[in-house]
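Counting with numbering that gives the first Met the number 0, you get residues 0 to 255 for the letters of the sequence shown.
Below is one structure, written out as structure tokens; the observations come after it.
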Amino acid sequence: MAAPDFLKKPFPKLLAKPSFDQRFDLRSFGEPLAKMRAVPIHDHGEPLVDLRQFCPGIILLPGCLPFLRETVAHMLNHVQASLPEGHTLTVGTALRTREMQRQIREGFTKDMTEKHPEWSNATLQRMLNRMVAPPDDVSPPPHMTGGAVDVGVRGPDGQGLDFTSPIQGWEAAPTYYHKLSEQARTNRIMLIEAMEDAGLTNYVGEWWHWSYGDQGWALRVGSPVAYYGAVEIEDAESQRIPKPPEEPKPEEVGQT
Numbered sequence: 000m001a002a003p004d005f006l007k008k009p010f011p012k013l014l015a016k017p018s019f020d021q022r023f024d025l026r027s028f029g030e031p032l033a034k035m036r037a038v039p040i041h042d043h044g045e046p047l048v049d050l051r052q053f054c055p056g057i058i059l060l061p062g063c064l065p066f067l068r069e070t071v072a073h074m075l076n077h078v079q080a081s082l083p084e085g086h087t088l089t090v091g092t093a094l095r096t097r098e099m100q101r102q103i104r105e106g107f108t109k110d111m112t113e114k115h116p117e118w119s120n121a122t123l124q125r126m127l128n129r130m131v132a133p134p135d136d137v138s139p140p141p142h143m144t145g146g147a148v149d150v151g152v153r154g155p156d157g158q159g160l161d162f163t164s165p166i167q168g169w170e171a172a173p174t175y176y177h178k179l180s181e182q183a184r185t186n187r188i189m190l191i192e193a194m195e196d197a198g199l200t201n202y203v204g205e206w207w208h209w210s211y212g213d214q215g216w217a218l219r220v221g222s223p224v225a226y227y228g229a230v231e232i233e234d235a236e237s238q239r240i241p242k243p244p245e246e247p248k249p250e251e252v253g254q255t
């Protein structure tokens, strides 16, 4: 599948970029909903493509709805081709439907409400928006546009590379987190260079989240418009990458 001509051209540069060499402050690189909503969307109907056929060299993780805009799929093929020999790009999240986004938002709302009953509603909504955007047509969440993807990399041994040590969990989510081990930092730099070379940009609050053409991308590069609005597909649940069956519990299979 030939890549479109524009992929051979220079891509817009980031307006600002943090560094591993200084303490990272997410507030300096935030993407508030108010700014996102101010970016007009000029969606010309670029089609979604099935990554199972379009990107055979990458690994799609269980639960993934494997559809992205055609341009973004081309970019992933470019990323895979640029990784060191034996390394494979993994995709955990690609497209999300409105219903999928709603369910995720509800789950985070319930969890954060239980953990922080002292928060006001305004604080709760602000913190929620940092984690998962609400379904919205004016400013659709990145994964609802088909322009965003969550990625990782597996090494020659088939195991996922270390991107977070010595920390686990959300503390290590910011891309330029300053307490990473040397190995985790090296792996992140490899991923950053491959993704940026392909034309994708990163939401610096999450090292794994990259996009092109959505409102977040437009803010990062200073584009006056976004190219992708919300898009849906039919029978989404039936097209997700299946999860492996769970091991039966002892009481379900009997014990001797």
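Just so you know, even glycine gets a beta-carbon here, dropped at the ideal spot from N, CA and C.
Cβ-based burial, residue i [other Cβ within 10 Å; buried from 16]
i	result
L67	buried
A37	exposed
M194	buried
Q167	exposed
D110	exposed
S119	exposed
D299	Limits of the chain in this structure are 0 at one end and 255 at the other, which puts residue 299 out of reach.
S237	exposed
A80	exposed
Secondary structure of residue i, DSSP reduced to three states
i	result
K16	coil
V48	strand
A193	helix
R95	coil
L88	strand
L32	helix
E37	Checking the sequence, you will find Ala at residue 37 rather than Glu. Reduced to three states, the DSSP call for A37 is coil.
L64	coil
A80	helix
A217	helix
A225	strand
Same chain only: Cβ atoms within 6 Å of residue i, ignoring 5 sequence neighbours per side
i	result
T87	I58 and R153
L94	L64, F66 and G145
F53	A72
Bridge-paired residues (DSSP) for residue i
i	result
W209	V148 and N201
I58	T89
R101	According to DSSP, R101 bridges with nothing at all.
R239	In DSSP, R239 forms no bridge with anything.
Close-in-space but distant-in-sequence residues of the same chain around residue i (CB under 8 Å, 5 per side omitted)
i	result
R97	P134, M143, A229 and E231
H43	Y226
Cβ-based neighbour list, residue i, same chain, cut-off 7 Å, excluding 5 preceding and 5 following
i	result
F19	Y175, H177 and R184
V137	R36
Start-end ranges of the beta strand (DSSP E) lying completely within the segment 113-191, minimum 3 residues: 147-153
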